[in-house]
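Just below is one structure, and these are the notes that go with it.
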Amino acid sequence: MLTLFIAIVIVLSLALFFIFIQPLVPLLLLKLKLGDKAIIMFYPIFGFIGIFMRSIKTNQDVMKSINVALRNNPRAKIILSNFLNKPCIMFAGTEYLKQSYQDHDDFEKLDPFMLPSFMQKGLAMSEGENWKRQRKFLAPAFTFEKLKSRLPMMNQVVEDIAEKDDKTNLNDFMSRITGEIIVKSFFGKLGEGFQLEGKEAWVALTKLTGEISLIMMDNLYAFVKSLLFGVKTWTILPTKQEKDVVRRVENVRIKLNELILNRVEQLKDSPVQDQDKMVFLDLYVTEYLKQKKQNEQQIDLEEILHQFITLFFAGTDSTATICGTCLYYLAKYPEIQSEILEEVNEVIGNADINEDNLNKLIKVNALIQEVLRLRNPAFVTLFRTVKRDKQVQDIKLKKGWALVQMHNANSILDSHFDNATEFNYKRWLSKDTIIKNDNGYIYIPLTAGPRNCIGYHMALMEAKIIIALLIRKYKILLNPAVQQIRFGIKFFQCVEPDNCVLFEKRI
Ligand code: HEM
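In this text, residue positions in the sequence shown follow our numbering: the first is 3, and each later residue adds one.
Here is the structure:
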């Protein structure tokens, strides 16, 4: 009996140490040093993820708790939280953000899927020389000049899917459009009719990536296991759901490999001549074949596969949710909808959107900027761990600690925007100074520095087309059956429930 009692006391003490003392002591020491520059927001086990989830539950808004804390403490630049048993430092101050973006090599991104065979070799997860090579190779393909050849395809996808989709699920409807655009931008004609798991490729991939990221958020066992074992989590005492995901990922990989190999064979015999019209796969395969010929192989077929998953993951739901949220605000504010419709009719009339009229959609652009300011889908960057002890401004970060960059933190402060929490798209149309006390790091919805979003032009191009073409065709209305709107997360911040708006065809 006594032995059992002692064993229980030991286990409880260890748990107490692991869950509370280990993360809290360094956090309290930091708080002592930083004073009102730091706010402690500790949440046992779940840490900052728990803060987001609780904020959704209590405020119907994932960022509200943190935004309120920052607004109530104007001198605060850092939130001190935890990630299981480790301190998690959340940067809000621009000087901290700037240095952590510049010194990106000192921090390692935590793979949101923890799957070694999925996107780890792609641009978003690569590091060092590998990342540099990929970024240099892909960056020219993401300029406006190169992307503009995709405009007719984007128009077509929006028209087709708007016609086919029942439009009862806002976020799914938007993901269908943006997912198909990514598949077509990557695979071109080869992607037409491409199916995975018995569904259109973009539907299957959106479902799969969504399910993988939710497994860890919904299931405490899977969450703690993933924190403890990293990418090995899928093979250590996996749940039925985890086994199922691993099997499905493998099947998806086989199909994608087939498609890539198919293109390798085609381009071996007849290379694409017009460089400007190359889809991402052709760019890659052309370079792959060139390197092979010169015996200087840096790209392999696995990298091409991971790059597709990377662009799909980074570009589909992010762009879909920004569009979904814009449509929600148009439904909420019918007068804004009328103003924007007027612009769309004036600028494009019944025509398609092309490179000449795209940049004349000034109000549509202002709407997107305002939603990025207040409801950025990427509400924080991917979580990082500190690779080696690192001094950032006045904080010494220890190896292994977690880091979260809150690049939107300054967008909700009155010191930088008039009536910062108010939705006012017209602020972006003003000729006066829009951002007060700007040092270049206040409004950075797609982050800044060498690892900022490579897809910014593409996202903006897509979002303008989607919003303009949909509003021209449909009146967007709030669904009267929905009592409560929520800004939740499906990996990215999005407006929920999915049936919050209705699309009524304009005559
Ligand atoms: C509104 C839509 C989008 C938003 C809000 C967004 C936001 C972001 C953010 C915040 C990052 C930095 C992530 C981090 O450092 O953890 C990022 C990186 C990235 N984004 Fe986007 N993104 C969007 C659209 C796109 C699109 C359309 C693509 C491509 C098709 C794309 C591809 C990428 C890639 C590959 C990276 C990693 C870059 C690197 O590490 O060098 N994004 N994005």
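Even for Gly, the Cβ is constructed at its ideal location relative to N, Cα and C. Computed from a predicted model, the values in this text were never measured in an experiment.
Suppose the cutoff is 7 Å on Cβ atoms and the five residues either side in sequence are ignored; what does the same chain contact list for residue i look like?
i, result
"E357", "K150 and L153"
"N439", "S417 and H418"
"A411", "L72 and A94"
"S187", "R152, V281 and F282"
"F146", "H459"
"T170", "N501"
"S128", "Q136"
CA-CA distance, residue i and residue j?
i, j, result
"I355", "N157", "7 Å"
"K100", "A450", "8 Å"
"I183", "D284", "16 Å"
"L306", "I262", "According to the sequence provided, residue 306 is Ile. The question's Leu does not apply to it. If you take the alpha carbons of I306 and I262, they lie about 8 Å apart."
"F20", "T208", "36 Å"
"D174", "A316", "16 Å"
"V70", "D278", "47 Å"
"T327", "L399", "36 Å"
"N74", "G200", "51 Å"
"V160", "Y330", "18 Å"
"E194", "S432", "43 Å"
Can you tell me which of the options puts its alpha carbon nearest to the alpha carbon of residue i?
i, options, result
"A141", "K492, M460 and I456", "I456"
"Q485", "I509, K334 and C325", "K334"
"L258", "Q122, S272 and V185", "V185"
"D168", "K138, I446 and N501", "N501"
"D319", "L415, Q495 and H308", "Q495"
"G190", "V287, S128 and A224", "V287"
"I217", "K242, G195 and E199", "K242"
"N84", "M55, M92, Q104 and G49", "G49"
"D107", "K392, N481 and L415", "K392"
"K134", "M43, I301, L291 and V160", "I301"
"E250", "R178, S119, L172 and K292", "First, the residue type needs correcting, since residue 250 is Arg and not Glu in the sequence shown. It is S119 whose Cα lies nearest to the Cα of R250."
"F109", "L415, Y45, V394 and Q309", "V394"
"L480", "T435, L16, Q24 and V497", "V497"
"I91", "K245, I51 and N132", "I51"
"K477", "L504, N253, S15 and Q197", "L504"
Residue j and residue i - do their beta-carbons sit closer together than 8 Å?
i, j, result
"S215", "F493", "yes"
"A164", "I324", "no"
"I53", "I41", "no"
"A78", "K35", "no"
"A461", "V366", "no"
"K362", "V373", "no"
"T312", "L125", "yes"
"R375", "S413", "yes"
"R453", "Y103", "yes"
"G402", "V388", "yes"
"Q339", "I473", "yes"
Use the C-beta contact count for residue i: other C-beta atoms within 10 angstroms, 16 or more gives buried, fewer gives exposed.
i, result
"F7", "exposed"
"I10", "exposed"
"E337", "exposed"
"M3", "exposed"
Output needed for residue i: all residues of its chain with C-beta closer than 8 Å, excluding positions within five of it in sequence on either side, in chain order.
i, result
"E424", "none"
"A483", "N501"
"F231", "I238"
Give every residue of the same chain whose Cβ lies closer than 6 Å to the Cβ of residue i, excluding the five residues on either side of it in the sequence, and list them in chain order.
i, result
"D112", "Position check: residue 112 holds Leu in this sequence, whereas Asp was assumed. These residues qualify, in order along the chain: F385."
"P28", "P89"
"Q62", "R488"
"G181", "W204, T208 and T318"
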